[in-house]
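**Q** Provided herewith is a single structure, encoded as structure tokens, for subsequent inquiry.
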Ligand SMILES: Nc1ncnc2c1ncn2[C@@H]1O[C@H](COP(=O)(O)OP(=O)(O)O)[C@@H](O)[C@H]1O
Ligand SMILES: [Mg+2]
């Protein structure tokens, strides 16, 4: 958990990802320096999930290279990933939070403090002793975010964290994410919700059909995107 | 029909008179089977988990082999253990033939594949759920196995109880390796076989009902456990 060495920059060069003969991502090159909240945007099926999983090391590129400033093994231990459908361990809510800390042998006093901090930050303190499967969709996603943040990662990946949630839960989760930033964690979030992208993004990575259309600072992207696919998407047209 | 009523009467008489021989036999049955299931579980649960999380060339073959071993005829297992442990066999020096230890060894061989196969299925399902999370959390293989065993403990207990159900009613193998010696290796099933051979149907049936009662308790426990599993009460 030491913050000593930064894992940034992340460099992707000419990446191709294939699965069962399909090309899911092709010729992807860009860098992330880690100071900006980055939103990966694009229509359904454009490759957002694949790109996020690739950056986290859950998918391997067929071609090209992906490098963090440190080895990929070390890098992954300083990242956390929140999946689109939160994976709840079949344990109590608080035990879900203890789990990642126990994996890295954190002193008991510190784990208790951290667990209590995140239980109250997520408003789940009164459900701490319930099985995690009893939680609602929004509560599950908050628990998954807390479980991801409890190890103080340098990068937090969130794959469409609010796609299946209602407005209230979405607001709560975005508020939770705003709290994360001062902790020095870089957020990389995918969404196809334009409103969410506008609320959170400082930088946008726009994908279409497995191709990288552009990487732009958020104000520029929303005012005058460089790619026609992004322009169509922002105009609310159907992107072909 | 009369025999059955007599059998029930005999069973009740044996139980309520606290028949010393009966209790010795029941305790020995439980001792042999519980020990065998404990040892088999200690082997089979980690094996099932390891098979679920491992990728290796012979994986499919190993799982198929496990499922085949599950169907091994107990009599053949008994015969092989007999040959291995008979005085002239490779393990003859231990002098274990016709002891409860030999019976435990035979039962371990019979139920380990069963418990491993059932627990492999349960753990494989949980692994499908947990896969991305445990990879993302940078767990070691050992941590994955421990986590999966702990979080599927209810299903695994059911697997062990299924092993118990199979072992407690088994007669062929333990007859061969135990020899059904009175006060040494006689257990419920071998006693039933003996009394039936002697024509004492009432006693045989009495013992049979006690065996059924034990199996029933185990099945009820499985039932209650799988119910709490569905309702996720622990
Ligand atoms: N395992 C797979 N095998 C083959 N094709 C896949 C697989 N997973 C995803 N795809 C396809 O790859 C494309 C990109 O998927 P994904 O990265 O999930 O997009 P997004 O997250 O932007 O909706 C989709 O067309 C999807 O159907
Ligand atoms: Mg997706």
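Protein chains in written order, with the numbering used here: chain A, 21 to 260; chain B, 172 to 405. Think of the CB as a built atom: it goes at the ideal place given N, C-alpha and C, for glycine as much as any other residue.
#1: Anything in the stretch 115-135 of chain A with a Cβ closer than 7 angstroms to a Cβ of chain B? List those residues in chain order, please.
#2: For residue 283(B), which residues in the same chain have their Cβ closer than 7 angstroms to its Cβ, ignoring the five residues on either side in sequence?
#3: So residue 309(B) contacts chain A; which residues on that side make the cut at Cβ distance below 7 angstroms?
#4: Does the Cβ of residue 385(B) have 16 or more other Cβ atoms within 10 Å, making it buried, or fewer, making it exposed?
#5: Could you tell me the alpha carbon to alpha carbon distance between residue 32(A) and residue 49(A), rounded to whole angstroms?
#6: For residue 379(B), count neighbouring C-beta atoms within 10 Å of its own C-beta (all shown protein chains included) and say buried if the count is 16 or more, exposed if not.
#7: What is the rounded straight-line gap between the Cα of residue 405(B) and the Cα of residue 322(B)?
#8: Between which two residues does the beta strand (DSSP E) carrying residue 212(A) extend?
#9: Tell me the residue span of the alpha helix (DSSP H) that contains residue 77(A).
#10: Give, in chain order, every unbroken run of the alpha helix (DSSP H) that is at least 4 residues long and sits entirely within the stretch 188-262 of chain B.
#11: Quick check for students: name the residue ranges of the alpha helix (DSSP H) that lie wholly in the stretch 37-77 of chain A, counting only runs of 4 or more.
#12: Between 369(B), 235(B), 388(B), 187(B), which lies nearest to residue 287(B) when the distance is taken from Cα to Cα?
#13: Among 258(B), 270(B), 251(B), 391(B), which residue has its Cα nearest to the Cα of residue 329(B)?
#14: Tell me whether residue 223(A) sits in a helix, a strand or coil according to DSSP, three-state version.
#15: Would you be able to state if there are at least three C-beta pairs under 8 angstroms between the stretch 176-185 of chain A and the stretch 202-210 of chain A?
#16: What does the alpha-carbon distance come out to for the pair residue 87(A) and residue 338(B)?
#17: Under DSSP, the beta strand (DSSP E) around residue 174(A) begins and ends at which residues?
#18: Here's the rule I'm using: 16 or more other beta-carbon atoms within 10 Å means buried, otherwise exposed. How should residue 42(A) be labelled?
#19: I'd like to know whether the C-beta of residue 303(B) is nearer than 8 angstroms to at least one C-beta of chain A.
#20: Within 7 angstroms: the Cβ of residue 99(A) and any heavy atom of ligand 2?
#21: Out of 98(A), 126(A), 139(A), which has the shortest C-alpha to C-alpha gap to residue 173(A)?
#22: Taking the C-alpha atoms as reference points, what is the distance between residue 356(B) and residue 270(B)?
#23: In chain order, what residues place their C-beta within less than 5 angstroms of a heavy atom belonging to ligand 1?
#24: Using 7 angstroms as the cut-off, classify the Cβ of residue 180(A) as near or not near the heavy atoms of ligand 2, replying yes or no.
#25: I want to see whether chain A comes within less than 8 angstroms of residue 192(B), judged by CB atoms only; does it?
#26: Taking the C-alpha atoms as reference points, what is the distance between residue 199(A) and residue 30(A)?
#27: Span of the alpha helix (DSSP H) holding residue 14(A)?
#28: Using a Cβ cut-off of 9 angstroms, which residues of the stretch 54-85 of chain A contact any Cβ in chain B, in chain order?
#29: How many whole angstroms separate the CB atoms of residue 368(B) and residue 273(B), which I take to be in contact at a CB cut-off of 8 angstroms?
#30: Under three-state DSSP, which class holds residue 137(A)?
#31: Does ligand 2 have a heavy atom nearer than 7 angstroms to the CB of residue 83(A)?
#32: So that I know if they touch, is there some Cβ in chain A lying closer than 8 angstroms to that of residue 398(B)?
#33: When DSSP labels each residue in this structure, what does residue 326(B) get in the three-state scheme?
#34: In chain A, which residues lie with their C-beta within 8 angstroms of the C-beta of residue 306(B)?
#35: Going by DSSP in three states, residue 27(A) sits in which element: helix, strand or coil?
#36: Along chain A, in chain order, which residues have C-beta atoms closer than 9 angstroms to that of residue 292(B)?
**A** Taking the structure as given:
#1: Of all residues in the stretch 115-135 of chain A, 120, 123 have a Cβ within less than 7 angstroms of some Cβ in chain B.
#2: Excluding positions up to five away in sequence, the list reads 211, 214, 215.
#3: Neighbourhood of residue 309(B) in chain A, by CB distance below 7 angstroms: 96, 97, in chain order.
#4: Around the beta-carbon of residue 385(B), 16 or more other beta-carbon atoms lie within 10 Å, marking it buried.
#5: Taking C-alpha positions only, residue 32(A) is separated from residue 49(A) by approximately 5 angstroms.
#6: Residue 379(B) sits buried, since 16 or more C-beta atoms from the chains shown fall within 10 Å of its C-beta.
#7: With a pLDDT of 47 at residue 405(B), under the threshold of 50, the modelled position of this residue cannot be trusted, and the question is left open.
#8: Per DSSP, residue 212(A) belongs to no beta strand (DSSP E) and is neither H nor E.
#9: Premise fails: residue 77(A) is in no alpha helix (DSSP H) and is neither H nor E.
#10: Entirely contained in the stretch 188-262 of chain B, the alpha helix (DSSP H) runs reaching 4 residues are, in chain order, 191-224, 230-241, 245-256.
#11: Runs of the alpha helix (DSSP H) inside the stretch 37-77 of chain A: 68-76.
#12: When only C-alpha atoms are compared, the closest one is 235(B).
#13: Of the listed residues, the one whose Cα sits closest to residue 329(B) is 391(B).
#14: Residue state, collapsed to three classes: strand.
#15: Yes: at least three Cβ pairs fall under 8 angstroms.
#16: Each residue's Cα considered, the two are about 55 angstroms apart.
#17: Careful: residue 174(A) lies outside any beta strand (DSSP E) and carries neither H nor E.
#18: Under a 10 Å Cβ-count criterion, residue 42(A) is classified as exposed, with fewer than 16 other Cβ atoms of the shown protein chains found around its own Cβ.
#19: Answer yes: the Cβ-Cβ gap between residue 303(B) and chain A drops below 8 angstroms somewhere.
#20: In this structure, ligand 2 has no non-hydrogen atom nearer than 7 angstroms to the beta-carbon of residue 99(A).
#21: Ranking the options by Cα distance to residue 173(A), first place goes to 98(A).
#22: Pairing residue 356(B) with residue 270(B), the inter-Cα distance amounts to about 6 angstroms.
#23: Ordered along the chain, the selected set is 39(A), 40(A), 42(A), 44(A), 64(A), 65(A), 66(A), 67(A), 68(A), 69(A), 70(A).
#24: Between ligand 2 and the CB of residue 180(A), the shortest heavy atom gap is smaller than 7 angstroms.
#25: It does not; no Cβ of chain A falls within 8 angstroms.
#26: Cα to Cα, the separation comes out at about 24 angstroms.
#27: Residue 14(A) lies beyond the stretch modelled for chain A, which goes from 21 to 260, so this question has no answer here.
#28: Residues of the stretch 54-85 of chain A whose Cβ lies closer than 9 angstroms to any Cβ of chain B, in chain order: 73, 76, 77, 78.
#29: Not a contact, Cβ separation roughly 22 angstroms.
#30: In the three-state DSSP reduction, residue 137(A) falls in the helix class (H, G or I).
#31: For residue 83(A), the shortest separation between its Cβ and any heavy atom of ligand 2 does not lie below 7 angstroms.
#32: Not one beta carbon of chain A lies nearer than 8 angstroms to the beta carbon of residue 398(B).
#33: Under the three-state reduction of DSSP output, residue 326(B) falls in the helix class.
#34: In chain order, 78 make up the part of chain A whose C-beta sits under 8 angstroms from the C-beta of residue 306(B).
#35: It is coil, neither helix nor strand.
#36: Neighbours of residue 292(B) on chain A: none; closest Cβ ~16 angstroms, over 9 angstroms.
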